[in-house]
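Enquirer: So in full-length UniProt numbering the end of the sequence shown lands on 151, straight run, no missing numbers.
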Amino acid sequence: MDASFKIWETNRHLYLKLINNYSLEQLNKIPDGFSNNLIWNLGHIIVAQQGLVYRLSGLPVNVSEVMTNTYKNGSKPNGQTTQAEVDELKELLIALMEQTKTDFAAGKFQNYTEYTTGTGFHLASTKEAIEFNNYHEAMHLGFMMNIRKFI
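(1) Nearest to V61 by CA position, among P31, E128, M97, K6, is which residue?
(2) For N111 and D32, I'd like the C-alpha separation in whole angstroms.
(3) Just to confirm the assignment, what range does the alpha helix (DSSP H) spanning E137 have?
(4) Counting only the same chain and skipping the five closest in sequence on each side, list residues whose C-beta sits under 7 Å from that of H44.
(5) Since L93 and R12 are thought to touch, with beta carbons under 8 Å apart, how far apart are those beta carbons, to the nearest angstrom?
(6) What residues are listed by DSSP as bridge partners for H122?
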């Protein structure tokens, strides 16, 4: 799991670096032809990771129900994310990654409800969910790199 966590940590720091380069207005902008914005993608990967790893392991997620509903699969940004919400997402980006690594090392992930993602990946364990999460987050980083060309 060391390699998976190292990839994840690098990716999360790339997200943070990218987000820090844009104003609140830019983070909220949904460019023509896109269905979301930079900050929605950030919130989405945080919420998705919590669902894939914690919820499907039968553990409580570490994000609010409001945040989950705002950034879950199928949700749409309203372009009204506040600076306080951006700051919270930036903090959670790193803190929840560290919490997951700590919880994994402590053996907290004992069960897993098998799940097939919308892209067809079948996840049968927490380890597989963490590995898929790296793929998912890399995909959204690519979306963000595309969005930033139009803001």
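Think of the CB as a built atom: it goes at the ideal place given N, C-alpha and C, for glycine as much as any other residue.
Expert: Quick look at the numbers:
(1) Nearest C-alpha to V61: M97.
(2) Using only the alpha carbons, I get a separation of about 43 Å.
(3) For E137, the enclosing alpha helix (DSSP H) stretches over residues 126-147.
(4) Cβ within range, chain order: Y71, H140.
(5) Going by Cβ atoms, the distance from L93 to R12 rounds to 6 Å, so yes, they are a contact pair.
(6) In the DSSP assignment, H122 forms a beta bridge with T116.
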